[in-house]
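Below is one structure, written out as structure tokens; the observations come after it.
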Amino acid sequence: MALGEKFGKFFGMIDNQSEEDEDFQYEDQKYSQGSSNEKVVSIDGKRHAVAEKKIALFEPRVYSDVKSIATRLLNNQAVVINFQRMDEQQSKRIVDFLTGTVFAINGEIQRIGDRIFLCTPAGFVVEGNVTAEFAETDFN
């Protein structure tokens, strides 16, 4: 742009509207070219990353089964143990072991039926009292 044109624009003798339009068109092209390289990420993929809470069911037959039960508790899983097929002495030993495990992880152990126990790690909430409901109901 020549010096004479600059003075003409300054004093309003030359119309500068056409050059301003060119400047805006140039800026629009810059922004539209930059946006073509953007990547789109799906939000739906994050839904699958949510960890599931699981409850494991066990029916131990020997004392050595307590190791796999305790491992589940340490992995933040609730466990239901049915001692129907185990002698009473062995089941008492397993309950003692699991009581210590549950204490160590700030969990809870509850009797939920005849020779059936529920062990939960910290963070699980158990509502209700199944044993009291069985005592109130007459199944005879």
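Just so we're aligned, residue 4 is where the sequence shown starts under the working numbering, counting upward by one.
All residues carry an ideal CB built from backbone N, CA and C; glycine is no exception.
Since this is a predicted model, take the numbers as computed values, not measurements.
Please state if the CB of residue j and the CB of residue i are separated by a distance shorter than 8 Å.
i, j, result
"Ile108", "Leu60", "no"
"Phe86", "Arg118", "yes"
"Val98", "Phe127", "no"
"Glu62", "Arg88", "yes"
For residue i, is the classification buried or exposed, using 16 other Cβ atoms within 10 angstroms of its Cβ as the cut-off for buried?
i, result
"Ile58", "exposed"
"Ala125", "exposed"
"Thr74", "exposed"
"Phe106", "exposed"
"Val82", "buried"
"Ser71", "exposed"
"Asn132", "exposed"
Can you tell me which residues form a DSSP beta bridge with residue i?
i, result
"Gly116", "Ile119"
"Glu8", "Looking at the DSSP assignment, Glu8 forms no beta bridge with any residue, so it has no partner."
"Glu111", "Thr123"
task = Check whether the stretch 104-120 touches the stretch 61-68, taking contact to mean three or more Cβ pairs, one atom from each stretch, closer than 8 Å.
result = no
request  = Write down every uninterrupted run of the beta strand (DSSP E) in the stretch 45-106 whose length is 3 residues or greater and which is fully enclosed by it, in chain order.
outcome  = 58-61, 81-85
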